[in-house]
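**Q** Start counting at 1 in the sequence shown, then tack on 7, and there's your number in my numbering.
Yeah, the Cβ is synthetic: ideal placement off N, Cα and C, and Gly gets one too.
This is the structure I want to talk about, given as structure tokens.
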Amino acid sequence: MPRRVIRTDKAPPPGGAYSQAVVAGNLVFTAGMVGVDPVSKKLPESVGEQTRQTLRNLRATLSEAGTDLQNVVSVSAFLSDINDFDAYNSAYREFFVNDPPPRTTVQATLAKGYKVEISLVAILP
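Spelled out as structure tokens, the structure:
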């Protein structure tokens, strides 16, 4: 099964040796993304704003692949401080209002002041 690498300037470029996303068959696998604005290159302070920008970045990447957040089938999220869960969850619900996908959220040490990192798996319609 061939794979297709996804690149978009509507999300931050990879910070290392990885792709923003890869399509394999009818699945889209995203890299872990953070809340850096792709235009201003700035990182919001609050966990809520970082979550929103992260999900906007992921939405743009999925769009480039030919799908959207409604087709997400799995979410993995990492918080630098699990005590930020409520703020993160509140912002997350703005993007997944009805029938949210399965999700795993754990605390992890994140680089460069990032408070949230999220990766997704989605299907192509």
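#1: Please state whether DSSP places residue 81 in a helix, a strand or coil.
#2: Using a Cβ-Cβ distance cut-off of 8 Å, determine whether residue 50 contacts chain B.
#3: Would you identify the three-state DSSP class for residue 56, choosing helix, strand or coil?
#4: So residue 126 is in the alpha helix (DSSP H); what residue range does that whole segment cover?
#5: Kindly list the residues whose CB is nearer than 8 Å to the CB of residue 121, restricted to its own chain and excluding five residues on each side of it in sequence; keep chain order.
#6: Taking all protein chains shown into account, do 16 or more other C-beta atoms lie within 10 angstroms of the C-beta of residue 105, making it buried, or fewer, making it exposed?
#7: By DSSP's criteria, residue 111 is part of a beta bridge. Which residues make up the other side?
#8: Once the 5 residues before and after residue 98 are set aside, which same chain residues still bring their CB inside 6 Å of it?
#9: Taking the beta carbon of residue 124 as the centre, do at least 16 other beta carbons fall within 10 Å, making it buried, or is it exposed?
#10: If we count the other Cβ atoms within 10 Å of its Cβ and call it buried at 16 or more, is residue 13 buried or exposed?
**A** Answer, in terms of the structure:
#1: Residue 81 falls in the strand class under three-state DSSP.
#2: In the structure shown, chain B does not exist; there is a single protein chain.
#3: The DSSP-derived three-state label of residue 56 is helix.
#4: Premise fails: residue 126 lies in the beta strand (DSSP E), 123 to 130, not in any alpha helix (DSSP H).
#5: Correct list, in chain order: 41, 42, 50, 57, 87.
#6: Exposed, because fewer than 16 other Cβ atoms sit within 10 Å of the Cβ of residue 105.
#7: BP columns for residue 111 point to 83.
#8: 55, 58, 59.
#9: Around the CB of residue 124, 16 or more other CB atoms lie within 10 Å, so the residue is classed as buried.
#10: Residue 13 is classed as buried because its beta carbon has at least 16 other beta carbons within 10 Å across all chains shown.
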